[in-house]
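Using my numbering, the first residue of the sequence shown is number 2, and each one after it goes up by one.
Remarks on the structure that follows.
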Amino acid sequence: MYFSYGEECERLQEDSRHSSDVNLHIITQGYNNGEEVEVELGTRTQKIIVNGKVNNNEVVIQDIESKFKRK
Numbered sequence: 002m003y004f005s006y007g008e009e010c011e012r013l014q015e016d017s018r019h020s021s022d023v024n025l026h027i028i029t030q031g032y033n034n035g036e037e038v039e040v041e042l043g044t045r046t047q048k049i050i051v052n053g054k055v056n057n058n059e060v061v062i063q064d065i066e067s068k069f070k071r072k
């Protein structure tokens with residue numbers, strides 16, 4: 002897994018000033034295109050389950066922070 006930011010999905014480096022518009026990339030193996038992957042994410046106070054479809058051995062879940070704000 003790794004994080005990126007923006008619509009262009011620029012990969013975040015070790016330290017980043019970005020805290021919004023952050024995307025989660027999940028590298029997969031053994032899944033077919035179109036299969037759904039589900040991941041549980043959490044902070045100290047909140048947990049959410051996000052999912053996405055595999056495309057070329059990767060799932061991209063865009064704007065992770067907004068998913069926490071909705072709950």
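Glycine included, each C-beta is placed from N, C-alpha and C at the ideal position.
Owing to the predicted nature of the structure, the values given are computational and were not obtained by experimental measurement.
Please classify valine 61 as buried or exposed, where buried requires at least 16 other C-beta atoms within 10 Å of its C-beta. Position 60 of the sequence shown holds residue 61. Exposed: under 16 other Cβ atoms inside 10 Å.
Could you check which residue in Leu42, Glu37, Asp22 has the C-alpha nearest to that of threonine 29? Working through the sequence shown from its first residue, we reach residue 29 at position 28. Nearest of Leu42, Glu37, Asp22 to threonine 29, Cα basis: Glu37.
Between valine 55 and the rest of its own chain, which residues show a CB-CB distance below 8 Å, the 5 nearest in sequence each way excluded? In the sequence shown, the residue the question calls residue 55 occupies position 54. Correct list, in chain order: Thr29, Tyr32, Asn33, Asn34, Gly35, Glu36, Glu37, Val38.
Between Asp22, Glu11, His26, which has its C-alpha nearest asparagine 57's C-alpha? On the sequence shown, residue 57 is found 56 positions in, with the first residue counted as 1. Selected option, being the one with the closest Cα: His26.
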